[in-house]
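A.B. asks: To start, I am sharing the structure in question, which I have written as structure tokens.
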Amino acid sequence: MRTFDERASGWDTPRRIARAEEAARTIESAIDIPHGCRAIEVGAGTGLLGLALRSHFASLVLADTSQGMLAEAGRKIREGGLGDVTVVHFDLAGDAAPAGGPFDLVLSLLLLHHVADTGAALAGMYRLLGPAGQVAAIDLDTEDGSFHSPDAEGVHHHGFDRGRLAELAGRAGFTDVRIGDGQPIDDEGRAYPMFLLTARRV
Numbered sequence: 046m047r048t049f050d051e052r053a054s055g056w057d058t059p060r061r062i063a064r065a066e067e068a069a070r071t072i073e074s075a076i077d078i079p080h081g082c083r084a085i086e087v088g089a090g091t092g093l094l095g096l097a098l099r100s101h102f103a104s105l106v107l108a109d110t111s112q113g114m115l116a117e118a119g120r121k122i123r124e125g126g127l128g129d130v131t132v133v134h135f136d137l138a139g140d141a142a143p144a145g146g147p148f149d150l151v152l153s154l155l156l157l158h159h160v161a162d163t164g165a166a167l168a169g170m171y172r173l174l175g176p177a178g179q180v181a182a183i184d185l186d187t188e189d190g191s192f193h194s195p196d197a198e199g200v201h202h203h204g205f206d207r208g209r210l211a212e213l214a215g216r217a218g219f220t221d222v223r224i225g226d227g228q229p230i231d232d233e234g235r236a237y238p239m240f241l242l243t244a245r246r247v
């Protein structure tokens, strides 16, 4: 099994870049992103989703637990002269909020199924937000476990039941919880449905 650290240098494949761009368009069509807002992408990896939406933001924090992924994100920031983007090592379910917040928008793409305690992850997203802040999280609908290889790193859930996830988001404190369709992932000829969870902090 290759860890995320070991895979980081080759992470930005054309397929993953296209997936992040599709996710960005899905989010843009689903919510109103205030221009000049403060955003954080959790489980950011190399920052593909956050950077695809960067034109909306006054500042962007790319947060992850993989030092290898953060190093790649940092390289892109330096090479692109992106002074409004920073990286931080951050565990959503357990760490105190990083500098730069409270945030107006929390983003994630295919993060939630890598966090053992989904309720704690949603509560962590809630804590990152200021009043009226929004979350936009894209992940897999319930699947049969075939999306990942048996030795994939840190897979705790084979997707999610939308109703159960909405219930957990409400328990975390979110209001206006909505779960709509995301762009399916095509993997080896099979389409895996995804959802977009949006919600707001009071």
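Per this note's numbering, residue 46 is the first one in the sequence shown, and the count goes up by one each step. Don't be surprised by glycine CBs; every beta carbon is placed ideally from N, CA and C.
#1: When you compare the CB positions of L98 and A68, do they come within less than 7 Å of one another, or not?
#2: For T220 and R245, what's the separation of their Cα atoms in angstroms?
#3: Use the C-beta contact count for V151: other C-beta atoms within 10 angstroms, 16 or more gives buried, fewer gives exposed.
#4: Which complete beta strand (DSSP E) runs does the segment 148–215 hold, if anything under 3 residues is left out?
#5: Just curious, the beta strand (DSSP E) that E117 is in, first and last residue?
#6: Put H80 into one of helix, strand or coil per three-state DSSP.
#7: Please give me, in chain order, every unbroken run of the alpha helix (DSSP H) with length at least 4 that falls completely inside the segment 54–106.
#8: Check the DSSP bridge columns for A2 and list the partner residues they point to.
C.D. replies: In short:
#1: Stepping through the sequence shown from its first residue, residue 98 is reached at position 53. Stepping through the sequence shown from its first residue, residue 68 is reached at position 23. No, the Cβ-Cβ distance between L98 and A68 is not below 7 Å.
#2: Walking along the sequence shown from the start, residue 220 turns up at place 175. Walking along the sequence shown from the start, residue 245 turns up at place 200. Their backbone Cα atoms lie some 5 Å apart in a straight line.
#3: Stepping through the sequence shown from its first residue, residue 151 is reached at position 106. Looking at its Cβ environment, which holds 16 or more other Cβ atoms inside 10 Å, V151 is buried.
#4: 148–154, 174–185
#5: For the purposes of this step, residue 117 is taken as the residue at position 72 of the sequence shown. Unbroken run through E117 is the alpha helix (DSSP H), 112–125; no beta strand (DSSP E).
#6: Residue 80 sits at position 35 when you count from the first residue of the sequence shown. Three-state result, H80: coil.
#7: 59–75, 93–97
#8: Since the displayed the chain opens at 46 and closes at 247, residue 2 lies outside it and no answer follows.
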